[in-house]
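> In my numbering, the protein residues as written are 5 to 423.
C-beta: ideal position from N, C-alpha, C; glycine also.
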Amino acid sequence: MRILVLGGDGYLGWPTSMHFACHGHEVLVVDNYLRRTIAQQTRSEALIANPNLHARAELFEALTHCHIEVRIGDCADFRFLEEVVSEFVPDAIIHYAEQPSAPYSMIGFPEAKLTLNNNLNATFNVVWAVLTHAPDCHIVKLGTMGEYGTPNIDIEEGWIEIEHNGRADKFLYPRQAGSLYHTTKVLDTDLLWFYVRTHGLRVTDLMQGPVYGISTEEADLDERLMPNFHYDDIFGTVVNRFLVQAAAGIPLTVYGRGGQIRGYLNLKDTLQCLSIAVENPPRHGEMRILNQFTEQFSVNQLAERVQRVGNGMGLRVQVRAIANPRKEKEEHYYNPVHSGLLQLGLQPHYMTDQVVAGMLSEVIRYRDQIDAGKILPRVSWNQSDGAASATARHAPLAHAQNAAETQQLDLPASVSALQ
Ligand code: USQ
Numbered sequence: 005m006r007i008l009v010l011g012g013d014g015y016l017g018w019p020t021s022m023h024f025a026c027h028g029h030e031v032l033v034v035d036n037y038l039r040r041t042i043a044q045q046t047r048s049e050a051l052i053a054n055p056n057l058h059a060r061a062e063l064f065e066a067l068t069h070c071h072i073e074v075r076i077g078d079c080a081d082f083r084f085l086e087e088v089v090s091e092f093v094p095d096a097i098i099h100y101a102e103q104p105s106a107p108y109s110m111i112g113f114p115e116a117k118l119t120l121n122n123n124l125n126a127t128f129n130v131v132w133a134v135l136t137h138a139p140d141c142h143i144v145k146l147g148t149m150g151e152y153g154t155p156n157i158d159i160e161e162g163w164i165e166i167e168h169n170g171r172a173d174k175f176l177y178p179r180q181a182g183s184l185y186h187t188t189k190v191l192d193t194d195l196l197w198f199y200v201r202t203h204g205l206r207v208t209d210l211m212q213g214p215v216y217g218i219s220t221e222e223a224d225l226d227e228r229l230m231p232n233f234h235y236d237d238i239f240g241t242v243v244n245r246f247l248v249q250a251a252a253g254i255p256l257t258v259y260g261r262g263g264q265i266r267g268y269l270n271l272k273d274t275l276q277c278l279s280i281a282v283e284n285p286p287r288h289g290e291m292r293i294l295n296q297f298t299e300q301f302s303v304n305q306l307a308e309r310v311q312r313v314g315n316g317m318g319l320r321v322q323v324r325a326i327a328n329p330r331k332e333k334e335e336h337y338y339n340p341v342h343s344g345l346l347q348l349g350l351q352p353h354y355m356t357d358q359v360v361a362g363m364l365s366e367v368i369r370y371r372d373q374i375d376a377g378k379i380l381p382r383v384s385w386n387q388s389d390g391a392a393s394a395t396a397r398h399a400p401l402a403h404a405q406n407a408a409e410t411q412q413l414d415l416p417a418s419v420s421a422l423q
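Here is the structure:
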């Protein structure tokens with residue numbers, strides 16, 4: 005198949021591109037390095053420095069004889085995206101091209117505006133590029149379990165049947181996200197569902213939980229092919245952060261009471277899920293929604309596991325509850341269905357002690373590169389606590405208050421133009 009990966013430089017985008025290229029597909033990746041730019045500006049660089057996409061693709065080809073085509077450009081720029089889609093005419097688009105950090109989206113106005121503009125414009129442009137130039141193309145959209153929030157009822161797989169005053173109908177399951185980033189994903193869902201209903205698009209929406217891991221079959225070939233492994237408070241997800249903290253002898257940062265439950269999955273399973281989605285396209289006019297995680301844990305359970313395994317390896321891992329910078333339920337009911345991908349053949353890699361030990365050993369190899377200054381949360385969901393959030397910005401931007409000042413963010417031209 006001809007597979008277009010949007011956001012191909014990311015933690016998931018790059019391993020996904022290698023995976024499909026190694027499985028006989030023709031892969032074109034697109035990225036504008038927005039995440040790299042933001043990571044530099046917020047001092048959130050990854051643990052292991054990654055070469056740029058052209059260099060990574062060249063190295064990957066030398067090692068595997070599999071080719072990945074690279075285009076640098078901005079999916080929020082419709083002219084650029086329609087050119088790519090009309091030339092490549094993909095069978096499937098994997099759409100990761102979004103600002104993916106919840107904390108970044110909560111720093112303040114410029115960051116929220118960037119997240120909203122970038123994410124919605126990219127999705128809207130994908131829809132129109134497909135309608136105009138590749139109407140048979142299957143759009144595989146990375147959604148998030150965070151769209152559902154943590155309701156006090158079971159979470160269904162995308163849809164819910166509702167009976168009301170003696171009548172019944174099926175609707176999108178209610179969504180109530182906990183950050184502006186997660187809210188842009190809710191808005192994406194609505195946009196896609198509208199165009200599926202009215203224009204017959206074929207869409208798979210993968211509602212993914214937090215991903216962990218550093219290893220994939222292809223990334224293991226050379227450290228320069230590794231995913232961008234972030235451990236800071238802005239781009240690092242909780243398991244990856246705990247692994248780095250354990251390796252560096254920093255107490256594990258449990259936010260609040262630690263009863264927050266989420267559905268997690270290994271990076272290797274993200275790749276499996278993407279393959280399953282691409283190989284099983286929905287019909288025209290169908291929006292298939294799959295909850296993409298393999299097991300659920302509370303933050304406390306994760307901390308206990310990393311502590312136990314780390315101590316077994318001779319580390320002295322401490323756990324410390326710190327004030328929660330987010331607004332989220334710290335004790336709650338959580339029971340999401342996740343049978344769709346299993347029925348389609350997903351074979352999970354569970355988070356066993358052995359898997360945690362393997363990840364810890366890998367991180368320990370890079371212990372000298374860990375910057376302890378990147379660990380504590382700098383972004384508060386509580387706007388009155390703005391001073392803390394401002395420290396997450398590049399110094400000259402700390403007092404940006406209006407759209408004109410946000411131009412200083414030094415972003416790709418089309419993103420800045422949309423502010
Ligand atoms: N947490 C801690 N300590 C930390 C970091 C996080 O207790 O040091 C807690 C958070 O408060 C939260 C949970 O761990 O309750 C998960 O946080 P996270 O940072 O791993 O994940 P999140 O911000 O929700 O976002 C990540 C990805 C995002 C994706 C989402 C899936 O960055 O792109 O959409 O996971 S989900 O969480 O299911 O919405």
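At a threshold of 6 Å, does Ala251 count as lining the ligand USQ (C-beta to nearest heavy atom)?
As a working mapping, residue 251 is identified with position 247 in the sequence shown. No, Cβ of Ala251 sits at least 6 Å from all heavy atoms of the ligand USQ.
> Return helix, strand or coil for Asp226, following the three-state DSSP convention.
On the sequence shown, residue 226 is found 222 positions in, with the first residue counted as 1. In the structure shown, Asp226 sits in coil (DSSP, three-state: anything other than H, G, I, E or B).
> Do Phe297 and Gly240 have their CB atoms nearer than 7 Å?
In the sequence shown, residue 297 corresponds to position 293, counting from 1. In the sequence shown, residue 240 corresponds to position 236, counting from 1. No.
> Just the Cα atoms here: how many angstroms apart are Ser21 and Asn295?
Start at 1 with the first residue of the sequence shown, and residue 21 comes out as number 17. Start at 1 with the first residue of the sequence shown, and residue 295 comes out as number 291. Cα to Cα, Ser21 sits roughly 22 Å from Asn295.
> Suppose the cutoff is 7 Å on Cβ atoms and the five residues either side in sequence are ignored; what does the same chain contact list for Pro246 look like?
By one-based count along the sequence shown, residue 246 stands at place 242. The amino acid at residue 246 is misidentified as Pro; the sequence shows Phe. Closer than 7 Å at Cβ, skipping near neighbours: Leu256, Leu306, Ala307 and Val310.
> Using only the alpha-carbon positions, how far apart do Lys174 and Asn123 sit?
Translated into the one-based positions of the sequence shown, residue 174 becomes position 170. Translated into the one-based positions of the sequence shown, residue 123 becomes position 119. Taking the straight line joining both Cα atoms gives about 27 Å.
> Quick check: the Cα distance between Ala106 and Leu67, rounded to an integer number of angstroms?
Here residue 106 refers to the residue found at position 102 when the sequence shown is read from its first residue. Here residue 67 refers to the residue found at position 63 when the sequence shown is read from its first residue. The alpha-carbon atoms of Ala106 and Leu67 are separated by roughly 35 Å.
> In whole angstroms, what is the alpha-carbon distance linking Pro178 and Ser384?
For this step, residue 178 is matched to residue 174 along the sequence shown. For this step, residue 384 is matched to residue 380 along the sequence shown. If you take the alpha carbons of Pro178 and Ser384, they lie about 26 Å apart.
> Any chance you could list the beta strand (DSSP E) runs of at least 3 consecutive residues sitting entirely within the segment 283-350, in chain order?
You should have 291-296, 299-302 and 323-326.
> In its own chain, which residues sit with a C-beta less than 7 Å from the C-beta of Leu364, not counting the 5 before and 5 after it?
Stepping through the sequence shown from its first residue, residue 364 is reached at position 360. Within the same chain, Leu364 has close Cβ partners Leu247, Ala250, Ala251, Val313, Gly314 and Met317.
> Based on the DSSP secondary-structure assignment, which residues constitute the bridge partners of Gln249?
Indexing the sequence shown from 1 puts residue 249 at position 245. Looking at the DSSP assignment, Gln249 forms no beta bridge with any residue, so it has no partner.
> In its own chain, which residues sit with a C-beta less than 6 Å from the C-beta of Leu225, not counting the 5 before and 5 after it?
Taking the sequence shown and counting its residues from 1, one reaches residue 225 at position 221. The answer, listed in chain order, is Leu67.
> Answer yes or no: do Val190 and Glu161 have a C-beta to C-beta separation smaller than 7 Å?
Residue mapping note: residue 190 aligns to position 186 of the sequence shown, counting from 1. Residue mapping note: residue 161 aligns to position 157 of the sequence shown, counting from 1. Their beta carbons are not under 7 Å apart, which means Val190 does not touch Glu161 by this criterion.
> Please say whether Tyr354 and Glu299 have beta carbons closer to each other than 7 Å?
Indexing the sequence shown from 1 puts residue 299 at position 295. Indexing the sequence shown from 1 puts residue 354 at position 350. Yes, the Cβ-Cβ distance between Glu299 and Tyr354 is below 7 Å.
> Run through the DSSP bridge pairs and tell me what Asp173 is partnered with.
As a first step, residue 173 is located in the sequence shown; it is residue number 169 there, counting from the start. Answer is Ile166.
> In whole angstroms, what separates the C-alpha of Leu51 from that of Asp236?
Residue mapping note: residue 51 aligns to position 47 of the sequence shown, counting from 1. Residue mapping note: residue 236 aligns to position 232 of the sequence shown, counting from 1. Roughly 9 Å separates the two Cα atoms.
> Straight-line CA distance for Arg47 to Glu227?
Position 43 of the sequence shown, counted from the start, is the residue given in the question as residue 47. Position 223 of the sequence shown, counted from the start, is the residue given in the question as residue 227. Their backbone Cα atoms lie some 22 Å apart in a straight line.
> Suppose contacts are defined by Cβ-Cβ distances below 7 Å. Is Leu8 in contact with Ile72 by that definition?
The residue labelled residue 8 in the question sits at position 4 within the sequence shown. The residue labelled residue 72 in the question sits at position 68 within the sequence shown. No, Cβ-Cβ distance for Leu8 and Ile72 is not below 7 Å.
> Helix, strand or coil for Ile143, going by three-state DSSP, please let me know.
Residue mapping note: residue 143 aligns to position 139 of the sequence shown, counting from 1. Reduced to three states, the DSSP call for Ile143 is strand.
> Ala116: which of Ile42, Glu167, Cys79 and Pro19 sits nearest, CA to CA?
Residue 116 sits at position 112 when you count from the first residue of the sequence shown. For the residues Ile42, Glu167, Cys79 and Pro19, the minimum Cα distance to Ala116 belongs to Ile42.
> Sort Asn232, Ile254 and Val88 by Cα distance to Lys378 and report the nearest one.
The residue you call residue 378 lines up with position 374 of the sequence shown. Residue Ile254 is the option with its Cα nearest to Lys378.
> From which residue to which residue does the alpha helix (DSSP H) around His27 run?
To locate residue 27, count along the sequence shown from 1; it is residue 23. Counting along the chain, His27 falls outside any alpha helix (DSSP H), and DSSP gives it neither H nor E.
> Is Gly150 near the ligand USQ, judged by its Cβ being under 6 Å from some heavy atom?
If you number the sequence shown from 1, residue 150 lands on position 146. True, at least one ligand heavy atom lies under 6 Å from that Cβ.
> Could you give the DSSP three-state label for Met149: helix, strand or coil?
Along the sequence shown, read from residue 1 onward, the residue named residue 149 stands at position 145. Three-state result, Met149: helix.
> Buried or exposed for Pro400, going by 16 or more other Cβ atoms inside 10 Å?
Here residue 400 refers to the residue found at position 396 when the sequence shown is read from its first residue. In this prediction, Pro400 has a pLDDT of 33, which is less than 50 and means its spatial position is unreliable; what the coordinates show is noted afterwards. Label assigned to Pro400: exposed.
> Can you tell me whether DSSP reads Tyr259 as helix, strand or coil?
In the sequence shown, counting from the first residue as 1, residue 259 sits at position 255. Here Tyr259 sits in strand by DSSP.
> Name the two residues that bound the continuous alpha helix (DSSP H) containing Asp192.
Taking the sequence shown and counting its residues from 1, one reaches residue 192 at position 188. Leu184 to His203 is the span of the alpha helix (DSSP H), which, as asked, contains Asp192.
> Quick test of the definition: if touching needs 3 or more C-beta pairs under 8 Å, does the segment 184-198 touch the segment 25-32?
With the cut-off at 8 Å, the segment 184-198 and the segment 25-32 do not touch.
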